[in-house]
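In the working numbering, the protein residues as written are 167 to 556.
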Ligand SMILES: Cc1ncc(COP(=O)(O)O)c(C=O)c1O
């Protein structure tokens with residue numbers, strides 16, 4: 167089952183005729199794996215792989231499995247996996263050490279004392295910045311997080327709650343990225359999950375860090391004697407998580423599941439870029455309720471991977487989010503707006519005539535096993551209450 171062969175372009179769906187194994191995945195394997203690094207972090211446990219029968223019935227597939235990232239290392243989204251690994255690698259480099267010399271978070275905590283005072287800075291739509299601030303606090307470092315002007319107070323409070331200084335910029339996510347990048351210096355490390363010319367190493371480490379999600383999924387499937395999924399759906403912001411997805415599934419033995427990337431219609435920068443054949447920056451504001459996906463430009467390091475290895479790119483309107491959130495709640499899964507994006511995409515393929523072709527391209531039917539990555543829980547608790555109350 168694969169979307170190969172389907173080529174659609176109507177602003178809301180785009181499928182690659184022939185996805186390619188992404189050449190840029192040929193990166194050296196680190197001597198400490200993200201999976202083992204995370205497993206030794208305080209409070210670690212693999213997040214659950216849950217079954218979502220109500221969702222499966224509603225969209226007419228055999229099984230929906232959900233990798234539930236609503237509780238990850240003490241936070242409510244997957245982002246801490248990339249942030250912790252990138253902070254670890256950046257600090258090891260900053261200390262002039264090797265991974266073998268500092269092989270764990272505990273060891274890093276001891277060694278980092280000699281680097282203080284040191285600030286970690288990042289720009290964020292919410293979750294990445296909170297994760298960077300959380301890791302900084304665990305390491306006894308300062309953090310300074312830049313956020314867009316329209317960020318809801320609950321998200322700002324959550325970042326401040328981790329001990330960070332928060333600056334609200336007069337502009338959007340891209341403006342926040344620019345401001346945080348300007349702080350780089352001997353006493354300030356920029357830990358960005360997106361990349362730009364000349365700033366590529368840390369965001370590549372963020373992608374590496376997300377690989378833990380997919381390693382855990384394989385472990386859970388294997389432990390339960392369950393087959394690999396036919397289709398895997400991830401939400402896309404700047405494309406770092408999707409790059410980790412592509413990296414994982416293209417390096418596994420065949421058959422490869424069909425890989426689907428979902429963006430909000432108001433922030434479909436990867437879909438638009440793939441359709442244009444080059445990175446484009448959206449000219450309009452990104453206003454989706456899927457706050458973590460409100461990005462105007464794909465990440466430079468994610469781009470060569472994400473533009474080649476995904477089968478189907480879908481842009482989904484916000485209107486599908488409330489039902490997706492409620493269906494997942496019925497299945498016992500707390501999924502915030504970005505977390506529900508994958509199920510929203512399945513609903514859109516069922517209910518939206520314009521996207522029906524995309525569903526047919528994936529050959530979704532009663533026998534299909536679909537895996538959704540629910541990337542966040544109730545990161546905005548008030549919005550979550552409103553969504554699920556309806
Ligand atoms: C909850 C959530 N899901 C998905 C994403 C998208 O990840 P990426 O920006 O790596 O594409 C983000 C990004 O911030 C997020 O916060």
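A virtual CB, placed ideally from N, CA and C, is assigned to each residue, including glycine. The structure displayed is predicted, hence computed values, not measured ones.
Item	Value
With burial defined as no fewer than 16 other Cβ atoms inside 10 Å of the residue's Cβ, what is the status of residue 168: buried or exposed?	Low confidence applies to residue 168: its pLDDT is 43, below 50, so where it sits in the model is not reliable, and the reading given next is rough at best. Buried, by the Cβ-count rule.
Can you check which of these residues, 407, 206, 182, 380, is closest to residue 294 by C-alpha distance?	407
Compare the C-alpha of residue 361 against each of 351, 403, 393 and name the closest.	403
Mind the definition here: the stretch 340 to 359 touches the stretch 382 to 391 only if three or more C-beta pairs lie below 8 Å; say whether that holds.	no
Quick one: is residue 450 buried, meaning 16 or more other Cβ sit within 10 Å of its Cβ, or exposed?	exposed
Using DSSP with H/G/I as helix, E/B as strand and the rest coil, what is residue 537?	strand
With which residues is residue 237 paired in a DSSP beta bridge?	Note: residue 237 sits in no beta bridge, so no partner.
Quick check on this structure: which residue in 178, 208, 229 has the alpha carbon closest to the alpha carbon of residue 497?	229
Less than 9 Å between the beta carbons of residue 557 and residue 281, yes or no?	Residue 557 lies beyond the range of the chain shown here (167 to 556); nothing can be said about it.
Buried or exposed: where does residue 447 fall if 16 or more other Cβ atoms within 10 Å of its Cβ makes it buried?	exposed
Under three-state DSSP, which class holds residue 244?	coil
Just to confirm, is the Cβ distance from residue 508 to residue 401 under 9 Å?	yes
For residue 545, count neighbouring Cβ atoms within 10 angstroms of its own Cβ and tell me buried if that reaches 16, exposed if not.	buried
When DSSP labels each residue in this structure, what does residue 369 get in the three-state scheme?	helix
Near residue 328, what residues of its chain come up, given a Cβ to Cβ distance below 8 Å and the 5 sequence neighbours on each side ignored?	296, 299, 300, 302, 303, 309
Report the start-end ranges of each beta strand (DSSP E) in the stretch 415 to 468 that is 3 residues or longer and not cut off at the edges.	424 to 430
To the nearest angstrom, report how far apart residue 553 and residue 358 are at their CA atoms.	30 Å
What's the gap between the Cα of residue 480 and the Cα of residue 197?	36 Å
On the three-state DSSP scale, how would you describe residue 382?	helix
Could you please give me the residues that DSSP links to residue 308 through a beta bridge?	285
Give a yes or no on whether the C-beta atoms belonging to residue 428 and residue 511 are separated by under 9 Å.	yes
Measuring CB to CB, does residue 290 end up less than 9 Å from residue 268?	no
With DSSP run on the structure shown, which of helix, strand or coil describes residue 388?	helix
By the 10 Å Cβ neighbour count, where 16 or more other Cβ atoms means buried, how is residue 149 classified, buried or exposed?	A query on residue 149 cannot be resolved here, the shown segment of the chain reaching from 167 to 556 and no further.
State the beta-bridge partners of residue 217 as determined by DSSP.	231
Quick one: residues in its chain with C-beta nearer than 6 Å to the C-beta of residue 286, no 5 flanking neighbours on either side, listed in chain order?	298, 302, 307, 309, 355, 357
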